[in-house]
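Numbering (my numbering), first residue to last: 23 to 257.
Following: one structure in structure tokens, then a few remarks.
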Amino acid sequence: RYYSPGLTQKRDWRWYLNRAYRTSMALWRHGGDPWTKRQGNGVGTAQWGVMVGSVFELVLSDLWRENWREEATELQTTVERRMAVWLKMPFPYGSEFAWDSTGHEEIATWMLKFGRFEEAAQTKDAVTGFVSASPHWAYCGSARRWWDFTINGKIGRGNERVMHHYASALNSVPLFDHALRDPSNHWLWRLAACAGGGSLTNIRKDGSASMGWHGDPDLLVRDGYSADFGVGFYG
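Structure below.
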């Protein structure tokens, strides 16, 4: 099982698995489109790969493992419907923002799970297209982010490069998954390690997190806000 016993001792394990299943299904049943205000049945964000969405694959695996066939079948059918949308799109990796770079993690996970290796490799290649292996702690593995300080930062100077935004850590998931399938690809291992480990540089001595390192040569400091960095710990 994928659950952690140390964190799941207050209730029976079935309670936790049921809640995980219901959470996995909620995206499809209740997710909405922020622009049209439509909700449910796969509209809006349900059509994209979502951040930390690769955890749903672990939920599905445990549902089958525990022989919860009805729940597993429903979740797998839902995932297959989402995949059908992705397979028709040339670039299904965004979010509610078309320019985003957060959907690769979940999409690559499901493509590998269901044997769509060509599409999984295409997703990985999309990540490597904007993640650099430059020999520099801030640039190596950093995601494609130039605008988040303006939206969420304490210091906003327009389109400034965010070093090791949480998307860096999320992008490490498909990179590591493909590196495991190609163990001799040292470049890919390096890139994955930089993407995952680089985000740790945003953790301060007191344990609090910054949303990212300011890439402007005039600053070169961690931002004062944590913003939405929390999902970076998943990666």
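The beta-carbon is built from N, C-alpha and C at its ideal position, and this holds for glycine as well.
For G257, the CB contacts under 8 Å within the same chain, skipping 5 residues up- and downstream, are E127, Y188, S190, A191, L192, N193, S194, V195, A217, G218 and S221 in chain order.
Given a length threshold of 4 residues, each whole run of the alpha helix (DSSP H) inside the region 65 to 119 is given here in chain order: 77 to 87 and 91 to 108. One Cα belongs to L210, the other to A94, and the distance between them is close to 33 Å. With fewer than 16 other Cβ atoms from the protein chains shown falling within 10 Å of its own Cβ, M111 counts as exposed.
Beta-bridge pairing by DSSP links Q61 to G54. Non-local C-beta neighbours of L134 in its own chain, meaning closer than 7 Å and more than five positions away in sequence, comprise A142 and D199, ordered along the chain. Judged by DSSP secondary structure, S194 falls within the alpha helix (DSSP H) whose first and last residues are Y188 to R203.
Boundaries of the alpha helix (DSSP H) around T131: H126 to K135. Rounded to the nearest whole angstrom, the CA to CA distance from C162 to T124 is 18 Å.
Among the bridge pairs identified by DSSP, R244 is matched with W235.
DSSP, read as helix, strand or coil, puts V149 in helix. With the rule of 3 Cβ pairs closer than 8 Å, the region 163 to 173 counts as touching the region 233 to 248. Distance from the CA atom of R103 to the CA atom of F152, rounded to whole angstroms, is 28 Å. Rounded to whole angstroms, the Cβ separation of R23 and D84 is 6 Å, and the two are in contact under 8 Å. In this structure S232 touches F251 by the C-beta definition: roughly 7 Å separates them, less than 8 Å. In this structure, N207 keeps its C-beta atom at 8 Å or more from the C-beta atom of A215. With a cutoff of 8 Å on beta-carbon distance, L97 and S46 are scored as near each other. Rounded to the nearest whole angstrom, the CA to CA distance from W50 to Q144 is 25 Å. The beta carbon of V65 is closer than 6 Å to those of D55 in its chain, skipping five residues each way along the sequence.
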